[in-house]
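Quick mapping for you: the protein sequence lines, in order, are chains S and C.
295 is the number of the first residue of the first sequence in the working numbering; add one for each residue after it.
5 is the number of the first residue of the second sequence in the working numbering; add one for each residue after it.
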Amino acid sequence: MSLNYPEVEEIDLSEAPLREATRQAETATGKQESLLLAIEEAAAIKDRHAIIALAKQVDWRSHRPDELIRVIQSCLFLDMVLLARELADAGRRVFPSDKKIEQWAIVLAPAKVIGTRPASANAEHLKASYQWFRNNSTQYKGQWVAVRAGELVGAAQTLKELQEQIGQGQRNSKTIIVKVLI
Amino acid sequence: MAKFDAILFESGFAIGSIYYDDHYLYDDRQNRIVLTIEQERLKNSPIPMIVDTGAPWSILDPEVARVWSFTSEVAVVNLNIRGETRRGRLLRANIILEATNGEDLTIEATFFVPLLDLDEVWNYPNFLGLSGFLDRFRFGVDASENAFYFGRF
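The structure is reproduced here in structure tokens:
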């Protein structure tokens, strides 16, 4: 009895194709690493246009989440909030299970209107309180003060002390709390 | 009631308006738009914040941040705050833009809270900046009667 083996394609056992694939991969990796270095250099000289152009070329799948976060931080330092937001969103897609990237995407997301409720402020109370601040707050420089409808409710050195002083009953939407700047 | 409440509410431009202060506390050297902002969850008292469309971030006094609750945060980030490099955290919170007429608006927004050195005292007002706050709702100002109108997109 003879066994029939299926024919198999001849395999090139020479190392040439492997070397070529490795070289291409190394080139691609090297290019990606160079891009990050170039972004860092552009950030150092505050070249925002270069950062935008370079960031578009980065394939974040070739990088670690912490590298992406570093670029996001550089963008934020240069007030490039929109790019930082785009990068955080891209990071969310590339690293879906990374908690830090998720946090960045959340804090950099645009503001979101959640809901409405009937108006809670009283214009006359506000006017009276603003007037009190204008006339009297210089006496409380460096302190936290609570004012309700134009009347002082309390003053203290720290916000925590003030909250304890005025109690839960006065901590509501009618009482404005502010630190009087020195 | 502000002069343009009816027309702006009816047209859908705004859902609420509030009387704002045009100076921050006793400082009458500069005109400002000062609104009162309340944090949603803790039902704390509102705090005055200055509207600053030129500022990328809303900035919150670290002492206020200690009593507010936040839905999310990132640890440390360096930001350029008025020409000065400050380290701090970016925090996400639900806040209420109070109205004197119409409706209050609850907004999920991001705040920068500076980290202070050991003996450092934060001596700056709270600001409402563009990114993560003012850029995502509609607003208009009538300086003739200190009315700040706001609405959702």
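Yeah, the Cβ is synthetic: ideal placement off N, Cα and C, and Gly gets one too.
None of the values given here were measured: they were computed from a predicted structure.
{"Query": "Cβ closer than 8 Å: which chain S residues qualify as neighbours of C:T2?", "Result": "Outside the displayed range of chain C (5 to 157) lies residue 2 of chain C, so it cannot be described from this structure."}
{"Query": "With DSSP collapsed to three states, give me the class of C:W61.", "Result": "coil"}
{"Query": "On the premise that C:I19 lies in contact with C:G144, defined as a C-beta separation below 8 Å, what is that separation, rounded to the nearest angstrom?", "Result": "Contact doesn't hold; Cβ gap of about 12 Å is too wide."}
{"Query": "How would you label S:R387, buried or exposed, when you count the other beta carbons within 10 angstroms and need 16 or more for buried?", "Result": "exposed"}
{"Query": "Listed from N- to C-terminal order along the chain, which residues in the segment 59-70 of chain C have their beta-carbon within a distance smaller than 7 Å of any beta-carbon of chain S?", "Result": "P60, D65, E67 and V68"}
{"Query": "Any residues in the segment 75-99 of chain C with a beta carbon nearer than 8 Å to a beta carbon of chain S? Which ones, in chain order?", "Result": "T75, S76, E77, V78, V81, N82, L83, N84, T89, L94, L95, R96 and N98"}
{"Query": "Can the beta-carbon of S:Q405 be found closer than 8 Å to that of C:G136?", "Result": "A small correction: the amino acid at residue 405 of chain S is Ala; Gln does not occupy that position in the sequence shown. Yes, the Cβ-Cβ distance between S:A405 and C:G136 is below 8 Å."}
{"Query": "Assign S:H343 to one of two classes, buried (16 or more other C-beta atoms within 10 Å of its C-beta) or exposed (fewer than that).", "Result": "exposed"}
{"Query": "Is the beta carbon of C:M53 closer than 8 Å to that of C:L132?", "Result": "yes"}
{"Query": "Roughly how far, in whole angstroms, is the beta-carbon of C:L39 from the beta-carbon of C:F115, given that I think they are within contact range, below 8 Å?", "Result": "No, C:L39 and C:F115 are not in contact; Cβ-Cβ is about 14 Å, not under 8 Å."}
{"Query": "Which value, in whole angstroms, describes the spacing of the CA atoms of C:L101 and C:E112?", "Result": "11 Å"}
{"Query": "Under 8 Å: do the segment 85-99 of chain C and the segment 64-75 of chain C share three or more Cβ pairs, one atom per stretch?", "Result": "yes"}
{"Query": "Please state whether the Cβ-Cβ distance between S:A413 and C:T104 is less than 8 Å.", "Result": "yes"}
{"Query": "Compare the C-beta of C:G16 with all C-beta atoms of chain S and state if any pair is closer than 8 Å.", "Result": "no"}
{"Query": "Quick one: what's got a C-beta closer than 8 Å to S:G448's C-beta in the same chain, skipping five residues either side?", "Result": "V439, A440, L456, Q459, I460 and Q464"}
{"Query": "For C:A103, which residues in chain S fall below 8 Å Cβ to Cβ?", "Result": "A413, S414 and A415"}
{"Query": "For the beta strand (DSSP E) that C:P66 lies in, which residues bound it at each end?", "Result": "It is not in any beta strand (DSSP E) - C:P66 instead sits in the alpha helix (DSSP H) that spans P66 to V71."}
{"Query": "Between C:G144 and chain S, is the shortest Cβ-Cβ distance under 8 Å, so that the two count as touching?", "Result": "no"}
{"Query": "For S:W398, decide whether its Cβ has a neighbour in chain C, counting only Cβ atoms nearer than 8 Å.", "Result": "yes"}
{"Query": "Suppose the cutoff is 7 Å on Cβ atoms and the five residues either side in sequence are ignored; what does the same chain contact list for C:D162 look like?", "Result": "A question about residue 162 of chain C goes unanswered here, because the residues of chain C that appear run from 5 up to 157."}
{"Query": "List the endpoints of the continuous beta strand (DSSP E) containing C:Y153.", "Result": "A151 to G155"}
{"Query": "Could you check where the alpha helix (DSSP H) with S:L446 kicks off and where it finishes?", "Result": "Counting along the chain, S:L446 falls outside any alpha helix (DSSP H), though it belongs to the beta strand (DSSP E) covering E445 to A450."}
{"Query": "Taking 7 Å as the cut-off, is the CB of C:V55 close to at least one heavy atom of the ligand FMN?", "Result": "This structure lacks the ligand FMN, and indeed carries no ligand of any kind."}
{"Query": "Where S:V375 and C:R86 are concerned, what is the direct C-alpha to C-alpha distance, given to the nearest angstrom?", "Result": "16 Å"}
{"Query": "If we count the other Cβ atoms within 10 Å of its Cβ and call it buried at 16 or more, is S:S328 buried or exposed?", "Result": "exposed"}
{"Query": "For C:S21 versus C:F141, is the C-beta distance shorter than 8 Å?", "Result": "no"}
{"Query": "Only counting the same chain, and skipping five residues up and downstream in sequence, which positions put a Cβ closer than 7 Å to that of S:A337?", "Result": "I345, S368 and L372"}
{"Query": "Within 8 Å (strictly less), CB to CB, does C:F152 reach chain S?", "Result": "no"}
{"Query": "How many angstroms separate the CA atom of C:P50 from the CA atom of S:V472?", "Result": "9 Å"}
{"Query": "Here's the rule: buried if 16 or more other CB atoms are within 10 angstroms of the residue's CB, otherwise exposed. What is C:V4?", "Result": "Residue 4 of chain C cannot be examined here, being either before or after the span of chain C that is shown, 5 to 157."}
{"Query": "Give the single residue among S:L475, S:I408, S:Q462 and S:A382 whose Cα lies nearest to the Cα of S:R428.", "Result": "S:L475"}
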